[in-house]
Amino acid sequence: MSGSPEFGKLVIFGVGLIGGSFALGLKAAEQVEEVVGFGRSLSTLTQAMDLGIIDRVGANAGQEVADADLVLMATPVGQMPEIMARIAPYLGAQTVVTDGGSTKADVVASAREHFSDKLGQFVPAHPIAGAENSGAAAARADLYRDKKVVLTPLPENPVLNVARVRSAWEWCGAQVHELPPADHDRIFAAVSHLPHLLSFALVYELAVRENCDQFFDFAASGFRDFTRIAASHPEMWRDICLANRPALLDELDRYRAQLDTLRDALQRDDGALLERTFDVARKARRNWADGKGQVMVMDFVDLPPLLSAKGVVRLPGSKSISNRVLLLAALADGQTEVRDLLESDDTARMIDALRLLGVVVESLGDRAYRVHGVAGKFPCRQAELFLGNAGTAFRSLTGALALAGGHYTLTGVARMHERPIGDLVDALRQLGADIRYLGNEKFPPLEIRPSAIRSGGVLQVRGDLSSQFLTGLLMALPLTGVETTVEVVGDLISQPYIEITLATMARFGVQVERQGWQRFTLPAGHAYRSPGVVSVEGDASSASYFLALGAIGGGPLRVEGVGRDSVQGDVRFADALALMGARVERGPNWIETAGPLQGKLHGIDLDCKHIPDAAMTLATTALFAEGATTLRNIASWRVKETDRIAAMATELRKLGAAVEEGADFIRVTPPHSSFLTPPAGIDTYDDHRIAMCFSLAAFANTLRINDPGCVTKTFPDFFARFAAVTQPVPVIAIDGPSASGKGTVAARLASTLGWHYLDSGALYRLTALACRRAGVTWDDEAATATIAAGLDVVFGENSIRLSGDEVNDAIRDEEISSGASQVAALPAVRDALLFRQRVFRRAPGLVADGRDMGSVVFPDALTKVFLTASVEVRAERRHKQLIEKGIAASILPLLLDLRERDQRDSQRSVAPLQQSEDANLLDTTDLTIEQAVSQVLSWSKQGA
Numbered sequence: 002m003s004g005s006p007e008f009g010k011l012v013i014f015g016v017g018l019i020g021g022s023f024a025l026g027l028k029a030a031e032q033v034e035e036v037v038g039f040g041r042s043l044s045t046l047t048q049a050m051d052l053g054i055i056d057r058v059g060a061n062a063g064q065e066v067a068d069a070d071l072v073l074m075a076t077p078v079g080q081m082p083e084i085m086a087r088i089a090p091y092l093g094a095q096t097v098v099t100d101g102g103s104t105k106a107d108v109v110a111s112a113r114e115h116f117s118d119k120l121g122q123f124v125p126a127h128p129i130a131g132a133e134n135s136g137a138a139a140a141r142a143d144l145y146r147d148k149k150v151v152l153t154p155l156p157e158n159p160v161l162n163v164a165r166v167r168s169a170w171e172w173c174g175a176q177v178h179e180l181p182p183a184d185h186d187r188i189f190a191a192v193s194h195l196p197h198l199l200s201f202a203l204v205y206e207l208a209v210r211e212n213c214d215q216f217f218d219f220a221a222s223g224f225r226d227f228t229r230i231a232a233s234h235p236e237m238w239r240d241i242c243l244a245n246r247p248a249l250l251d252e253l254d255r256y257r258a259q260l261d262t263l264r265d266a267l268q269r270d271d272g273a274l275l276e277r278t279f280d281v282a283r284k285a286r287r288n289w290a291d292g293k294g295q296v297m298v299m300d301f302v303d304l305p306p307l308l309s310a311k312g313v314v315r316l317p318g319s320k321s322i323s324n325r326v327l328l329l330a331a332l333a334d335g336q337t338e339v340r341d342l343l344e345s346d347d348t349a350r351m352i353d354a355l356r357l358l359g360v361v362v363e364s365l366g367d368r369a370y371r372v373h374g375v376a377g378k379f380p381c382r383q384a385e386l387f388l389g390n391a392g393t394a395f396r397s398l399t400g401a402l403a404l405a406g407g408h409y410t411l412t413g414v415a416r417m418h419e420r421p422i423g424d425l426v427d428a429l430r431q432l433g434a435d436i437r438y439l440g441n442e443k444f445p446p447l448e449i450r451p452s453a454i455r456s457g458g459v460l461q462v463r464g465d466l467s468s469q470f471l472t473g474l475l476m477a478l479p480l481t482g483v484e485t486t487v488e489v490v491g492d493l494i495s496q497p498y499i500e501i502t503l504a505t506m507a508r509f510g511v512q513v514e515r516q517g518w519q520r521f522t523l524p525a526g527h528a529y530r531s532p533g534v535v536s537v538e539g540d541a542s543s544a545s546y547f548l549a550l551g552a553i554g555g556g557p558l559r560v561e562g563v564g565r566d567s568v569q570g571d572v573r574f575a576d577a578l579a580l581m582g583a584r585v586e587r588g589p590n591w592i593e594t595a596g597p598l599q600g601k602l603h604g605i606d607l608d609c610k611h612i613p614d615a616a617m618t619l620a621t622t623a624l625f626a627e628g629a630t631t632l633r634n635i636a637s638w639r640v641k642e643t644d645r646i647a648a649m650a651t652e653l654r655k656l657g658a659a660v661e662e663g664a665d666f667i668r669v670t671p672p673h674s675s676f677l678t679p680p681a682g683i684d685t686y687d688d689h690r691i692a693m694c695f696s697l698a699a700f701a702n703t704l705r706i707n708d709p710g711c712v713t714k715t716f717p718d719f720f721a722r723f724a725a726v727t728q729p730v731p732v733i734a735i736d737g738p739s740a741s742g743k744g745t746v747a748a749r750l751a752s753t754l755g756w757h758y759l760d761s762g763a764l765y766r767l768t769a770l771a772c773r774r775a776g777v778t779w780d781d782e783a784a785t786a787t788i789a790a791g792l793d794v795v796f797g798e799n800s801i802r803l804s805g806d807e808v809n810d811a812i813r814d815e816e817i818s819s820g821a822s823q824v825a826a827l828p829a830v831r832d833a834l835l836f837r838q839r840v841f842r843r844a845p846g847l848v849a850d851g852r853d854m855g856s857v858v859f860p861d862a863l864t865k866v867f868l869t870a871s872v873e874v875r876a877e878r879r880h881k882q883l884i885e886k887g888i889a890a891s892i893l894p895l896l897l898d899l900r901e902r903d904q905r906d907s908q909r910s911v912a913p914l915q916q917s918e919d920a921n922l923l924d925t926t927d928l929t930i931e932q933a934v935s936q937v938l939s940w941s942k943q944g945a
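Numbering (my numbering), first residue to last: 2 to 945.
#1: Could you check the C-alpha separation between GLN32 and TRP172 for me, to the nearest Å?
#2: Measure the alpha-carbon distance for PRO421 versus ALA549 and round it to whole angstroms.
#3: Determine the burial state of ILE788: buried for a count of at least 16 other Cβ atoms within 10 Å of its Cβ, exposed for fewer.
#4: Classify MET2 as helix, strand or coil using the three-state DSSP reduction.
#5: Could you check what DSSP says for HIS234 in three-state terms: helix, strand or coil?
#6: Tell me which residues share the same chain as ARG878 and place their Cβ nearer than 8 Å to its Cβ, disregarding the 5 neighbours each side in the sequence.
#7: Inspect the CB distances between the segment 890 to 899 and the segment 752 to 770 and report whether three or more fall short of 8 Å.
#8: Check for me: the alpha helix (DSSP H) holding HIS197 runs from which residue to which?
#9: Can you give the Cα-Cα distance for TYR758 and ASP810, rounded to whole angstroms?
#10: Tell me whether ALA725 is buried or exposed, calling it buried when 16 or more other Cβ atoms sit within 10 Å of its Cβ.
#11: With three or more C-beta pairs closer than 8 Å as the rule, is the segment 311 to 323 touching the segment 533 to 545?
#12: Please name the residue, chosen from PRO672, ILE706 and ALA126, that lies closest to VAL163 on a Cα-to-Cα basis.
#13: Got a sec, what are the start and stop residues for the alpha helix (DSSP H) PHE720 sits in?
#14: Are the Cβ atoms of ALA244 and VAL78 separated by less than 8 Å?
#15: On a Cα-Cα basis, can you pick out the residue from SER891, PHE379 and SER674 that is closest to GLY657?
#16: Starting from VAL160, trace the alpha helix (DSSP H) both ways and give me its first and last residue.
#17: In angstroms with no decimal places, state the Cα-to-Cα distance between VAL16 and ALA191.
#18: Measuring alpha carbon to alpha carbon, tell me which residue in PRO709, ASP347 and GLN915 is nearest SER397.
#19: Closer than 6 Å by C-beta to LEU428: which residues in its own chain qualify, once you throw out the five before and the five after it? Chain order, please.
#20: To the nearest angstrom, how far is it from the Cα of TRP779 to the Cα of ARG802?
#21: Could you tell me which residues DSSP puts in a beta bridge with LYS10?
#22: Since MET74 sits in a beta bridge, which residues does DSSP pair it with?
#23: Sort VAL109, TRP238, LEU144 and PHE217 by Cα distance to ALA183 and report the nearest one.
#24: Suppose the cutoff is 6 Å on Cβ atoms and the five residues either side in sequence are ignored; what does the same chain contact list for GLN1 look like?
#25: Please go through the segment 434 to 515 and give each complete beta strand (DSSP E) segment of 3 or more residues, from N-terminal end onward.
#26: Taking the alpha-carbon positions, what's the ASP687 to ARG286 distance?
#27: Please confirm whether ALA544 and VAL568 have their CB atoms less than 8 Å apart.
#28: Spell out the partners DSSP gives PHE521 in its beta bridges.
#29: Using a threshold of 8 Å, state whether the C-beta atoms of VAL872 and ASP903 are closer than that.
#30: Any idea if ASN702 is buried or exposed, counting beta-carbon neighbours within 10 angstroms, 16 or more meaning buried?
#31: I'd like the list of long-range same chain contacts for ASN707, defined as Cβ closer than 8 Å, with 5 residues on each side in sequence excluded.
#32: Going along the chain, which unbroken runs of the alpha helix (DSSP H) with 4 or more residues stay wholly within the segment 518 to 604?
#33: Check TYR145 in the structure and name its three-state DSSP category.
#34: Could you pull the DSSP bridge partners for GLU385 from this structure?
Encoded structure:
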């Protein structure tokens with residue numbers, strides 16, 4: 002290393018793992034000349050000197066820090082106040098002090114007490130690194146390489162001091178980040194301190210039992226991994242827990258609430274809730290471990306209110322056709338190239354299962370696969386298959402494996418185990434198949450054992466519950482090689498899906514003779530043969546959402562991939578829209594819809610037995626029709642991914658619709674208002690079609706869809722495709738620092754355009770005031786969040802109304818201001834107000850001002866403006882406002898306050914105040930209000 006070291010003398014209090022590694026890191030980088038160590042144990046200090054961590058042991062702390070360049074306190078946080086008291090009087094003007102504590106609020110409080118006028122010399126820090134062992138012997142120079150170190154700078158810190166501490170950690174190889182102390186403690190209470198507390202608690206609870214040895218004898222890797230951190234230093238973690246007590250108690254309460262929820266789920270035997278919770282946790286854990294940019298699973302999506310819809314959508318491949326083609330390609334003789342395959346959870350389950358059965362399935366890229374057929378004989382005669390909630394895969398594989406002569410287990414998610422399969426099993430048993438229920442009778446999971454299959458004859462299967470039973474049976478029967486007849490008992494629902502089955506079988510060389518829809522005969526000697534190449538047409542059920550979009554949003558909106566030549570029955574959905582008054586046109590491979598030439602859509606009464614999946618879209622389309630819509634013959638909805646009749650009724654009522662439901666029908670009467678009731682969120686029940694159906698409701702107002710990831714079952718990029726063909730209500734987002742004039746400009750702009758106006762900064766004050774009026778304390782997070790979500794607020798150019806009352810002065814009350822600070826610290830309130838702010842977005846448009854309008858609240862804003870002015874001009878403006886209100890004030894304190902606030906706002910961890918890359922910078926230092934408004938208007942016209 003050329004040049005002189007950055008630090009002449011480093012003094013370390015605590016020469017164990019943290020302090021020792023810091024010293025070794027700087028030495029390895031040749032950035033320190035001398036390291037002096039202090040500690041409670043002479044033997045440890047001697048060992049540190051022998052290991053080359055320190056150059057000598059310090060004798061007098063005051064003398065050593067007086068000429069030190071850098072001081073690191075690397076002791077337990079409980080020891081730091083005493084160290085601060087010892088060194089504070091002797092700190093040289095050049096000395097910068099930092100620490101390695103896991104908590105910050107308590108350390109900062111002690112620093113303020115002991116360092117006094119030298120507080121600017123203390124820059125708090127927290128290295129996020131560790132090892133199984135502690136002490137000087139565990140220290141190593143590369144401990145911090147590529148690890149995070151969090152600085153929590155204070156307002157009193159000169160920029161140079163922060164830069165020196167940052168530089169020291171960067172020389173050790175660390176990635177340095179900054180957080181406010183309070184945010185640091187809140188975050189680490191959740192991801193570090195609480196896990197340690199839980200680990201200690203679990204081991205302790207077992208250790209004090211009389212028969213603890215028996216428990217520990219049988220503990221394995223899961224217990225080891227969960228409790229590894231219970232081997233940490235008790236004294237250190239005692240100090241950390243007590244030091245961060247407020248934040249840790251808050252996180253502990255949240256965790257206890259989650260445990261109560263899971264306990265209730267166990268008590269109710271609610272496997273679905275358990276699985277949803279576990280699935281979200283698993284995905285989040287995997288994303289974090291894999292280092293993905295978005296660690297957490299998106300648990301909701303907010304759809305903006307829409308003005309119109311038009312364009313062209315190319316559909317993903319049909320789920321029904323994709324899984325049929327995959328199975329028949331596997332059973333066929335020869336190789337099949339499958340093109341335009343749907344890439345989704347359901348097809349992934351089928352591909353995984355086929356590979357476990359010994360079938361070679363090659364991915365060719367661009368949704369193309371090559372399947373190496375096994376000529377009806379799976380190479381693997383024993384396998385355990387997990388099929389998730391993929392009904393098409395589960396039922397078709399049940400038929401094929403029952404006749405394959407192997408030993409197989411088929412399982413799925415909890416909901417799959419609630420979906421009946423008894424009618425298919427009964428039919429297969431007529432052939433001699435040995436199929437056993439591993440749970441409830443007539444429901445998955447299943448065990449299939451080798452058996453002597455009886456050839457030929459007549460089989461019977463019910464057709465009034467699901468067409469998938471008949472599909473599974475028909476696709477499996479060619480494996481017998483003999484003529485077999487299937488008779489359908491009862492009316493066959495979803496006949497178009499059987500047409501898909503027959504057409505796909507014919508494509509692979511097996512022709513089924515059909516007598517009406519009650520009798521099907523498979524001739525002898527037919528076996529599946531590869532057709533070479535099969536292209537999967539678009540998914541007609543998925544087309545329904547976009548066809549409805551065109552009908553509701555004006556259109557024209559064209560879907561490509563299905564048309565009048567489609568083999569899928571769900572293309573008849575377009576006929577239903579035509580009955581409601583929509584304009585519909587068709588081509589061989591496309592369908593286009595548009596709204597009525599005059600008036601609105603109107604309600605219909607429809608038999609939906611042949612379009613059961615697409616009919617769900619009619620239920621949400623009915624929200625925008627005049628009169629009631631009745632959908633009949635939909636009993637199959639109750640045995641799908643969820644009880645769809647009950648789920649649709651529940652969610653439609655959230656939107657203000659009147660809903661009647663029966664065993665096989667649903668009747669929807671839209672609300673009287675053109676704006677639907679803003680819901681807290683549409684629950685999707687892990688059902689992809691519910692998530693996609695309810696996206697249509699965004700034509701009324703902002704809509705939150707919970708668990709939107711469920712669409713990956715059939716349409717992974719649905720929401721991106723949805724956004725591409727819809728036009729949202731426009732937003733002009735104006736962000737900027739305090740006293741920049743953004744509120745005045747935004748209000749004037751909204752008045753000029755005739756748009757709605759949102760003063761986001763007032764919402765926390767309004768929440769505090771609304772809580773006070775409702776008798777809710779500001780620390781009641783759940784109740785406060787509920788009030789925040791339902792605020793009845795109207796912003797005018799010169800007034801703010803809460804529940805009809807003008808409250809401009811009331812929200813400026815000192816007590817209410819204090820309450821605003823309290824409620825703003827509640828995460829649930831921030832979440833509620835995020836959605837509440839988005840609900841202000843209504844036609845014809847919205848002008849919103851704040852600090853994160855363009856970056857967080859409305860990232861899709863039509864026009865984004867970062868409005869600022871020099872701090873001196875802003876101080877003068879604030880001074881003028883106060884004087885006009887009769888409040889005594891002087892310029893200098895206002896100037897200092899604005900500077901401090903600017904620094905704090907720009908460095909906060911959540912939505913820091915900064916100009917977005919796509920925002921227009923508007924400096925109003927030398928502009929009038931009229932000039933600023935004119936400039937924003939000009940930008941908005943360019944973006945329109």
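All C-beta atoms in this analysis are idealised placements derived from N, C-alpha and C, irrespective of residue type, glycine included. Only a predicted model underlies this, so the values are computations on that prediction, with no experimental measurement involved.
This is what the structure holds:
#1: Taking the first residue of the sequence shown as position 1, residue 32 is located at position 31. Taking the first residue of the sequence shown as position 1, residue 172 is located at position 171. Those two C-alpha atoms are separated by around 8 Å.
#2: By one-based count along the sequence shown, residue 421 stands at place 420. By one-based count along the sequence shown, residue 549 stands at place 548. Distance between the alpha carbons of PRO421 and ALA549 is about 31 Å.
#3: One-based indexing of the sequence shown puts residue 788 at position 787. By the 10 Å Cβ count, ILE788 comes out buried.
#4: Numbered from 1 along the sequence shown, position 1 holds the residue referred to as residue 2. Note on MET2: pLDDT 48, under 50, position unreliable in the model; no value is reported.
#5: Here the question's residue 234 lines up with position 233 in the sequence shown. In the structure shown, HIS234 sits in coil (DSSP, three-state: anything other than H, G, I, E or B).
#6: As a working mapping, residue 878 is identified with position 877 in the sequence shown. Excluding positions up to five away in sequence, the list reads ALA740, GLY742 and ALA870.
#7: no
#8: For the purposes of this step, residue 197 is identified with residue 196 of the sequence shown, where counting begins at 1. Element bounds for HIS197: 195 to 208.
#9: Position 757 of the sequence shown, counted from the first residue, corresponds to residue 758. Position 809 of the sequence shown, counted from the first residue, corresponds to residue 810. Between TYR758 and ASP810, the C-alpha separation is close to 19 Å.
#10: Taking the first residue of the sequence shown as 1, we reach residue 725 at position 724. Exposed: under 16 other Cβ atoms inside 10 Å.
#11: yes
#12: Numbered from 1 along the sequence shown, position 162 holds the residue referred to as residue 163. Taking only the C-alpha atoms, the option nearest VAL163 is ALA126.
#13: The sequence position of residue 720 within the sequence shown is 719, counting from 1. Segment 719 to 725, the alpha helix (DSSP H) holding PHE720.
#14: For this step, residue 244 is matched to residue 243 along the sequence shown. For this step, residue 78 is matched to residue 77 along the sequence shown. Yes, the Cβ-Cβ distance between ALA244 and VAL78 is below 8 Å.
#15: For this step, residue 657 is matched to residue 656 along the sequence shown. Nearest of SER891, PHE379 and SER674 to GLY657, Cα basis: SER674.
#16: Position 159 of the sequence shown holds residue 160. It spans 160 to 172 - the alpha helix (DSSP H) in which VAL160 sits, taken as one unbroken run.
#17: As a first step, residue 16 is located in the sequence shown; it is residue number 15 there, counting from the start. As a first step, residue 191 is located in the sequence shown; it is residue number 190 there, counting from the start. VAL16 and ALA191: Cα-Cα distance of roughly 28 Å.
#18: As a first step, residue 397 is located in the sequence shown; it is residue number 396 there, counting from the start. Of the listed residues, the one whose Cα sits closest to SER397 is ASP347.
#19: Against the sequence shown, residue 428 aligns to sequence position 427. Sequence inspection shows Ala at residue 428; the Leu mentioned does not correspond to that position. Closer than 6 Å at Cβ, skipping near neighbours: LEU460, VAL462 and LEU474.
#20: The count along the sequence shown starts at 1 and reaches residue 779 at position 778. The count along the sequence shown starts at 1 and reaches residue 802 at position 801. Their Cα atoms are separated by approximately 21 Å.
#21: Locating residue 10 in the sequence shown gives position 9, where the first residue counts as 1. Its beta-bridge partners are GLU35.
#22: Numbered from 1 along the sequence shown, position 73 holds the residue referred to as residue 74. Its beta-bridge partners are PHE14 and ASP100.
#23: Position 182 of the sequence shown, counting from 1, holds the residue named residue 183. Comparing Cα-Cα distances from ALA183 to each of VAL109, TRP238, LEU144 and PHE217, the minimum goes to VAL109.
#24: What is shown of the chain runs 2 to 945, which leaves residue 1 out entirely.
#25: 435 to 438, 447 to 450, 458 to 463 and 485 to 490
#26: Locating residue 687 in the sequence shown gives position 686, where the first residue counts as 1. Locating residue 286 in the sequence shown gives position 285, where the first residue counts as 1. Going from the Cα of ASP687 to the Cα of ARG286 covers about 19 Å.
#27: Walking along the sequence shown from the start, residue 544 turns up at place 543. Walking along the sequence shown from the start, residue 568 turns up at place 567. No; because the gap between Cβ atoms is not below 8 Å, this pair is not in contact.
#28: Looking up residue 521 in the sequence shown gives position 520. Paired residue(s): VAL487 and ARG515.
#29: Locating residue 872 in the sequence shown gives position 871, counting from the first residue. Locating residue 903 in the sequence shown gives position 902, counting from the first residue. Cβ atoms of VAL872 and ASP903: closer than 8 Å.
#30: The residue you call residue 702 lines up with position 701 of the sequence shown. When all chains shown are included, ASN702 counts as buried.
#31: The residue labelled residue 707 in the question sits at position 706 within the sequence shown. Only ASP300, PHE301, GLY682, ILE683, ASP684 and THR685 meet the Cβ criterion.
#32: 541 to 554 and 574 to 580
#33: Counting from 1 along the sequence shown, the entry for residue 145 is found at position 144. Of the three classes helix, strand and coil, the one that applies to TYR145 here is coil, per DSSP.
#34: Taking the sequence shown and counting its residues from 1, the one referred to as residue 385 is at position 384. GLU385 pairs with THR410.
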